[in-house]
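2 protein chains.
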Amino acid sequence: MNPTEEKILLAAEQIFLKHGYDGSRMQAIADLAEINKAMLHYYFRSKDLLFERIFKEKFSRFFPEIEETFQLDMNFVDKLCIFAEKYIDFLIQNPYLPLFVLNSINKNPDFSKNLPLKMPQLLLQNYLEDIDKGLCKMHNPAQILVTVLGICAFPFLAKPMMTLLLGASDEDFFELMHQRKEEAKIQIRILFEV
Amino acid sequence: MNPTEEKILLAAEQIFLKHGYDGSRMQAIADLAEINKAMLHYYFRSKDLLFERIFKEKFSRFFPEIEETFQLDMNFVDKLCIFAEKYIDFLIQNPYLPLFVLNSINKNPDFSKNLPLKMPQLLLQNYLEDIDKGLCKMHNPAQILVTVLGICAFPFLAKPMMTLLLGASDEDFFELMHQRKEEAKIQIRILFEV
DNA sequence: TTCTTATTTAACCATTTGGTTAATAAAATA
DNA sequence: TATTTTATTAACCAAATGGTTAAATAAGAA
Numbered sequence: 001m002n003p004t005e006e007k008i009l010l011a012a013e014q015i016f017l018k019h020g021y022d023g024s025r026m027q028a029i030a031d032l033a034e035i036n037k038a039m040l041h042y043y044f045r046s047k048d049l050l051f052e053r054i055f056k057e058k059f060s061r062f063f064p065e066i067e068e069t070f071q072l073d074m075n076f077v078d079k080l081c082i083f084a085e086k087y088i089d090f091l092i093q094n095p096y097l098p099l100f101v102l103n104s105i106n107k108n109p110d111f112s113k114n115l116p117l118k119m120p121q122l123l124l125q126n127y128l129e130d131i132d133k134g135l136c137k138m139h140n141p142a143q144i145l146v147t148v149l150g151i152c153a154f155p156f157l158a159k160p161m162m163t164l165l166l167g168a169s170d171e172d173f174f175e176l177m178h179q180r181k182e183e184a185k186i187q188i189r190i191l192f193e194v
Numbered sequence: 195m196n197p198t199e200e201k202i203l204l205a206a207e208q209i210f211l212k213h214g215y216d217g218s219r220m221q222a223i224a225d226l227a228e229i230n231k232a233m234l235h236y237y238f239r240s241k242d243l244l245f246e247r248i249f250k251e252k253f254s255r256f257f258p259e260i261e262e263t264f265q266l267d268m269n270f271v272d273k274l275c276i277f278a279e280k281y282i283d284f285l286i287q288n289p290y291l292p293l294f295v296l297n298s299i300n301k302n303p304d305f306s307k308n309l310p311l312k313m314p315q316l317l318l319q320n321y322l323e324d325i326d327k328g329l330c331k332m333h334n335p336a337q338i339l340v341t342v343l344g345i346c347a348f349p350f351l352a353k354p355m356m357t358l359l360l361g362a363s364d365e366d367f368f369e370l371m372h373q374r375k376e377e378a379k380i381q382i383r384i385l386f387e388v
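Quick mapping for you: the protein sequence lines, in order, are chains A and B.
Taken in order, the first sequence gives residues 1 to 194; the numbers are from this note's numbering.
Taken in order, the second sequence gives residues 195 to 388; the numbers are from this note's numbering.
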């Protein structure tokens, strides 16, 4: 890929993730990429298209290698635990991602309509099997989904509020998130294990 | 209060809550309030000031009558349960609030620095007492805070994504949230009760 | 009524913003 | 080398946006 194009994408990613669509300025992206603003339109035509490019990439990453994990041969709860740990690790590397994705979907729900989302089916099937085997407590699957995602992602959504409430620094926060990997696994076991 | 002022505040609330600061247009607020755009500045001087007015009111509501609840004479876990139920009920009435508050703090952390936030101290004290009495499991208080808030608020933050993932309608979502009041209480008991 | 103050409007303004263009430099291709 | 294509820049543009103003109107106070 063209080095200019690459610089643009990198800059766009940073700006869009931090400020969202409305809060981002094409000029800010150009400045960060150290190129002329016209280049943005030369390579990506419009702000919408550039944003879409970034969003699609980020959105797909918001649901990481779940399938791998969920195809392993182990019971559902263990899989949830592995998922949670991996996922929190991923979010530690991408703390802006959850708020960005949620805001983007919120602003334009149609936007993500075409994107691949087969994950839930796999998950659901797996879950029902383990209930049959008596390995797992019965819950509404929708509640499980929202609970597990919430355990992992909510702290990152609420990061600014949390640091405010707790008077914590950024380092404190990330320390808390590393702890949270264990906390998440404990919570998942308590909630779902028989 | 002046009826025009009132109309403005009502309209500003709707627009700002739905679109956030960057996504909101003064003209859109004026249109919704059915008044001349100049009136906005006549009564509130600038977009910033108008937004601040709305934000402060909404931010304070994001932490509702917690103090009442937490001064009741019962153990910590019961209080958490009452809080969760009340809070989810409140959020059902104000589904846009969490994303709005989080985004606003994220955009401008200093903004909420002066606002009253004594809640955590009260909560913490209460919690430590019950641990001493052996009524409650030992956790990192910060983790509890983020867990309980997450159980209640995350579904509303993720509403558009959830309806997408689950192929659910708005009615389905609110039905889920009504269920979630029970789910939240169950989860809190499992997590924190000895 | 008359004078003063508060409220409302339409027109206007400066700046910002996404986007375009025409000229030019640099590669690639013939 | 000559020619065509690709990449880059500076200047420019139209629309949108937050904000102002001066005049008009409504409302109170004297």
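Note that the Cβ used here is the ideal one computed from N, Cα and C, for glycine as well.
As the structure is a prediction and not an experimental result, all values here were calculated from the model.
Check your understanding: When we look at the beta-carbon of alanine 378 of chain B and count the other beta-carbons within 10 Å, is it buried (16 or more) or exposed?
Key -> buried
Check your understanding: Is the shortest distance between the beta-carbon of isoleucine 151 of chain A and the beta-carbons of chain B less than 8 Å?
Key -> Judged by the 8 Å Cβ criterion, isoleucine 151 of chain A is in contact with chain B.
Review point. If you run the structure through DSSP and keep just helix, strand and coil, what is glutamate 387 of chain B?
Key: strand
Check your understanding: Buried or exposed: where does valine 194 of chain A fall if 16 or more other Cβ atoms within 10 Å of its Cβ makes it buried?
Key -> Classification for valine 194 of chain A: exposed.
**Study point:** Sheet register partners of cysteine 136 of chain A (DSSP bridge)
**Key:** A:Glu193
Review point. Which residues in chain A sit within 9 Å of asparagine 297 of chain B, going by Cβ to Cβ distance?
Key: Gly20, Leu99 and Asn103
Check your understanding: What residue from A:Leu122, A:Thr4 and A:Glu13 has the CA that sits closest to glutamate 57 of chain A's CA?
Key -> With respect to the C-alpha of glutamate 57 of chain A, the residue from A:Leu122, A:Thr4 and A:Glu13 having the closest C-alpha is A:Glu13.
Review point. Going by Cα to Cα distance, which pick from B:Leu309, B:Leu274, B:Ser363 and B:Phe264 is closest to isoleucine 380 of chain B?
Key: B:Leu274
Check your understanding: Quick check: the stretch 100-115 of chain A against the stretch 293-301 of chain B, are there 3 or more CB pairs under 8 Å?
Key -> yes
Point to revise | Reduced DSSP secondary structure (H/G/I, E/B, other) of serine 218 of chain B | key: Looking at serine 218 of chain B - three-state DSSP - the assignment turns out to be coil, as it is neither helix nor strand.
**Study point:** Residues near cysteine 346 of chain B in its chain [Cβ-Cβ closer than 7 Å; skip 5 each side]
**Key:** Ala278, Tyr281, Ile282, Leu285 and Ala378
Check your understanding: Hey, how far is the Cα of phenylalanine 238 of chain B from the Cα of tyrosine 215 of chain B?
Key -> 15 Å
Check your understanding: methionine 356 of chain B versus chain A: which residues are under 7 Å apart at the beta carbon?
Key -> Val146
Practice item. Would you check if the distance between the CB atom of glycine 150 of chain A and the CB atom of phenylalanine 367 of chain B is smaller than 8 Å? Key: no
Review point. Nearest-angstrom Cα distance between methionine 371 of chain B and glutamine 121 of chain A?
Key: 22 Å
Practice item. Determine which residues of the stretch 106-117 of chain A have a Cβ less than 8 Å from any Cβ of chain B, and write them out in chain order. Key: Those residues of the stretch 106-117 of chain A that come within reach of chain B (Cβ to Cβ, closer than 8 Å) are Asn106, Lys107, Pro109, Ser112, Lys113 and Leu117.
Practice item. Measure the CB-CB distance between isoleucine 15 of chain A and methionine 39 of chain A and report whether it falls below 8 Å. Key: no
Exercise for review: Please state whether DSSP places asparagine 106 of chain A in a helix, a strand or coil.
Suggested key: helix
Point to revise | Cβ-Cβ distance between phenylalanine 249 of chain B and phenylalanine 305 of chain B below 8 Å | key: Contact: yes.
Practice item. Compare the C-beta of phenylalanine 154 of chain A against all C-beta atoms of chain B and say whether one is closer than 8 Å. Key: yes
Practice item. Assign arginine 180 of chain A to one of two classes, buried (16 or more other C-beta atoms within 10 Å of its C-beta) or exposed (fewer than that). Key: buried
Exercise for review: Look up phenylalanine 257 of chain B in the DSSP assignment and say whether it is helix, strand or coil.
Suggested key: Coil at phenylalanine 257 of chain B, not helix or strand.
Check your understanding: For leucine 385 of chain B, does the count of other Cβ atoms within 10 angstroms reach 16, so buried, or fall short, so exposed?
Key -> buried
Point to revise | Terminal residues of the alpha helix (DSSP H) in which alanine 168 of chain A lies | key: Premise fails: alanine 168 of chain A is in no alpha helix (DSSP H) and is neither H nor E.
Check your understanding: Shortest alpha-carbon distance to lysine 107 of chain A belongs to which of B:Pro354, B:Asn334, B:Ile223 and B:Val340?
Key -> Nearest to lysine 107 of chain A by alpha-carbon distance, out of B:Pro354, B:Asn334, B:Ile223 and B:Val340, is B:Pro354.
**Study point:** Residue-level contact to chain B via CB, alanine 12 of chain A, 8 Å cutoff
**Key:** no
Check your understanding: Can you name the start and end residues of the alpha helix (DSSP H) that leucine 72 of chain A belongs to?
Key -> Element bounds for leucine 72 of chain A: n/a, residue is neither H nor E.
Exercise for review: Mind listing the chain A neighbours of arginine 374 of chain B? Cutoff is C-beta to C-beta under 7 Å, in chain order.
Suggested key: Gln143
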